[in-house]
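One structure is given below, encoded as structure tokens.
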Amino acid sequence: MADANKQSAISRYFRETTGELKKVSWPTWPEARQMTYIVIAVMVVMGLYLALVDGIGEVLINLAISA
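In structure tokens:
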């Protein structure tokens, strides 16, 4: 009995998930590409910012240690 309930719950989950995925408004290929470029640009900018902050922190720590 528990197996039948578990199996029906699993099948219901997949039916509901499929139904919800059909309702999603998926981006077009140009929209997806543009959003990908934006994400990559933000990642590069954040990486450069973090590298700068890390470098400044390293210099300050080295100055504090050598003083």
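Going by this note's numbering, the first residue of the sequence shown is number -19, and it counts up by one from there. Note that the Cβ used here is the ideal one computed from N, Cα and C, for glycine as well. Treat the numbers as computed from the prediction; the structure is a model and nothing was measured.
For L43 and L1, the gap between their C-alpha atoms comes out near 56 Å. DSSP places V4 in the coil class of the three-state scheme, outside both helix and strand.
DSSP places A31 in the uninterrupted alpha helix (DSSP H) bounded by W9 to S46. The alpha-carbon of Y17 is positioned some 14 Å away from that of M26.
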